[in-house]
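J.:
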Amino acid sequence: MPEPVPLGKRLAAEGVGSFFLFACVIGSGIMAANLAAGNEAVALLGNTVATGAILFVLISMLGPISGAHMNPAVSIVAASRGDLPWREAAAFCAVQLVFGILGAWAAHLMFDLPTLQLSVKARQGVGQWTGEAIATFGLILTILGTTRHRPQWVPATVASYITAAYWFTSSTSFANPAITVARSLSDTFAGIAPADVPLFVFAQLLGAAAAAMTAKWLFSED
-5 MPEPVPLGKR LAAEGVGSFF LFACVIGSGI MAANLAAGNE AVALLGNTVA
45 TGAILFVLIS MLGPISGAHM NPAVSIVAAS RGDLPWREAA AFCAVQLVFG
95 ILGAWAAHLM FDLPTLQLSV KARQGVGQWT GEAIATFGLI LTILGTTRHR
145 PQWVPATVAS YITAAYWFTS STSFANPAIT VARSLSDTFA GIAPADVPLF
195 VFAQLLGAAA AAMTAKWLFS ED
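And the structure:
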């Protein structure tokens, strides 16, 4: 059996992954908005392509080290399934949030924007919350199902799912509590008002829990 990867190295992988993922989501949103001349469909398309591409790269590169969660919902589900100790899951979540926020600030710095910001972009209502629950449900189900049947395809399926979910969900698929918090600290194309964060996160965790239960039944060999 291969030697287990030390926790410090796994946390470093989560930090690097979260930094680049969050920097990409926010930075590509800024770039897309700057170039789209007010056309939000074009801006969203640019944001989508960049996010899908970076997900494929990061999961391929860091998956063998930490699993490339980069998402507290994924880490919590892994802990609930016994795949990750709860103490380590808590450390994963903390690193994802801290380094993700640093990635958001790096995006601001790259585009000569004030580092410290709060978003004023409202994202609220039943439709948005439903979108987040469905987006996260689908993401977790994609990860668990592909890991079970086609583990080598995880980078491609996760990247493809998020690319699609940017467009078929009303919320544009945040599907990640940590990135939701980070995006509240960015008054840019990808932002979300801080007051709207709690219900987004609640919807994400609800979707993740439903997906974990569905996967336990759907992908069982019994």
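One point on numbering: in our numbering, the residue at position 163 of the sequence shown is 157, and numbering is uninterrupted.
Ideal Cβ positions, reconstructed from N, Cα and C, are used throughout, including at glycine.
Distance check for V120 and G40, CA to CA, integer angstroms please.
T.: The sequence position of residue 40 within the sequence shown is 46, counting from 1. The sequence position of residue 120 within the sequence shown is 126, counting from 1. For G40 and V120, the distance between alpha carbons rounds to 27 angstroms.
J.: When you compare only the Cα positions, how much space is there between G201 and T208?
T.: For the purposes of this step, residue 201 is identified with residue 207 of the sequence shown, where counting begins at 1. For the purposes of this step, residue 208 is identified with residue 214 of the sequence shown, where counting begins at 1. Those two C-alpha atoms are separated by around 10 angstroms.
J.: Counting Cβ pairs closer than 8 angstroms, one from the stretch 51 to 69 and one from the stretch 83 to 96, do we hit at least three?
T.: Touching, per the Cβ criterion.
J.: Figure out for me which residue from R117, A67 and G57 has the closest Cα to the Cα of S164.
T.: Along the sequence shown, one-based indexing puts residue 164 at 170. Of the candidates R117, A67 and G57, the one whose C-alpha sits nearest the C-alpha of S164 is R117.
J.: Measure the alpha-carbon distance for V19 versus F213 and round it to whole angstroms.
T.: Here residue 19 refers to the residue found at position 25 of the sequence shown. Here residue 213 refers to the residue found at position 219 of the sequence shown. Using only the alpha carbons, I get a separation of about 31 angstroms.
J.: Could you work out which residue in A31, I59 and T42 is closest to G11 when comparing CA atoms only?
T.: Here residue 11 is taken as the residue at index 17 of the sequence shown, counted from 1. Among A31, I59 and T42, the Cα nearest to that of G11 belongs to I59.
J.: Can you tell which of P0, A72 and F16 has the C-alpha that lies nearest to the C-alpha of S178?
T.: As a first step, residue 178 is located in the sequence shown; it is residue number 184 there, counting from the start. When only C-alpha atoms are compared, the closest one is F16.
J.: Can you give, in chain order, each stretch of the alpha helix (DSSP H) that sits fully within the stretch 45 to 118 and has at least 4 residues?
T.: With a minimum length of 4 residues, the continuous alpha helix (DSSP H) runs that stay inside the stretch 45 to 118 are 66 to 74 and 80 to 104.
J.: Could you give the residue range of the alpha helix (DSSP H) that holds V(-1)?
T.: Translated into positions along the sequence shown, residue -1 becomes position 5. No alpha helix (DSSP H) contains V(-1), which DSSP labels as neither H nor E.
J.: Return the chain-ordered list of same chain residues with a C-beta closer than 6 angstroms to the C-beta of L138, the five sequence neighbours on each side being excluded.
T.: Translated into positions along the sequence shown, residue 138 becomes position 144. Hits under 6 angstroms: A209.
J.: Mind reading off the beta-carbon distance from I156 to G46? Whole number of angstroms is fine, and I expect it under 8 angstroms.
T.: Here residue 156 refers to the residue found at position 162 of the sequence shown. Here residue 46 refers to the residue found at position 52 of the sequence shown. Rounded, the Cβ-Cβ distance is 6 angstroms, consistent with contact.
J.: Three or more beta-carbon pairs under 8 angstroms between the stretch 128 to 136 and the stretch 173 to 193, yes or no?
T.: The stretch 128 to 136, when compared against the stretch 173 to 193, does not touch it at the 8 angstroms Cβ threshold.
J.: Taking three-plus beta-carbon pairs below 8 angstroms as touching, is the stretch 96 to 116 in contact with the stretch 184 to 196?
T.: A contact exists between the stretch 96 to 116 and the stretch 184 to 196.
J.: Would you tell me roughly how many angstroms separate the C-alpha atoms of H143 and A150, rounded to the nearest one?
T.: Locating residue 143 in the sequence shown gives position 149, counting from the first residue. Locating residue 150 in the sequence shown gives position 156, counting from the first residue. Answer to the nearest angstrom: the Cα atoms are 14 angstroms apart.
J.: Considering only C-alpha positions, which residue in the set L38, Y160 and L103 is nearest to I128?
T.: Translated into positions along the sequence shown, residue 128 becomes position 134. When only C-alpha atoms are compared, the closest one is Y160.
J.: Straight-line CA distance for A7 to A98?
T.: Residue mapping note: residue 7 aligns to position 13 of the sequence shown, counting from 1. Residue mapping note: residue 98 aligns to position 104 of the sequence shown, counting from 1. Approximately 17 angstroms between the Cα atoms of the pair.
J.: Excluding the 5 residues preceding and the 5 following W123 in the sequence, name in chain order all residues of the same chain whose CB lies nearer than 6 angstroms to its CB.
T.: Sequence index remark: in the sequence shown, residue 123 carries index 129 (1-based). L193 and A197, listed in sequence order.
J.: To the nearest angstrom, report how far apart V51 and G9 are at their CA atoms.
T.: Position 57 of the sequence shown holds residue 51. Position 15 of the sequence shown holds residue 9. So the two alpha carbons sit approximately 15 angstroms from each other.
J.: Assign I24 to one of three DSSP states: helix, strand, or coil.
T.: Mapped onto the sequence shown, residue 24 falls at position 30. Note: I24 maps to helix in three-state DSSP.
J.: Assuming A205 contacts S74 (C-beta within less than 8 angstroms), just tell me the rounded distance between them.
T.: Locating residue 205 in the sequence shown gives position 211, where the first residue counts as 1. Locating residue 74 in the sequence shown gives position 80, where the first residue counts as 1. Actually they are not in contact, since the Cβ atoms of A205 and S74 sit about 11 angstroms apart, beyond 8 angstroms.
J.: Measure from the alpha carbon of D106 to the alpha carbon of each residue in L5, G21 and V92, then state which is nearest.
T.: The residue given as residue 106 occupies position 112 in the sequence shown. Of the candidates L5, G21 and V92, the one whose C-alpha sits nearest the C-alpha of D106 is G21.
J.: Report yes if the C-beta distance between F168 and L96 is below 9 angstroms; otherwise report no.
T.: Reading the sequence shown from its first residue, position 174 is the one you call residue 168. Reading the sequence shown from its first residue, position 102 is the one you call residue 96. For F168 and L96, no; Cβs fall outside 9 angstroms.
J.: Which term fits E215, buried or exposed, when burial requires 16 or more other beta carbons within 10 angstroms of its beta carbon?
T.: Working through the sequence shown from its first residue, we reach residue 215 at position 221. The residue is exposed, with fewer than 16 neighbouring Cβ atoms inside 10 Å.
J.: Would you decide whether N170 is buried or exposed? Buried here means 16 or more other CB atoms lie within 10 Å of its CB.
T.: Walking along the sequence shown from the start, residue 170 turns up at place 176. Buried is the call here.
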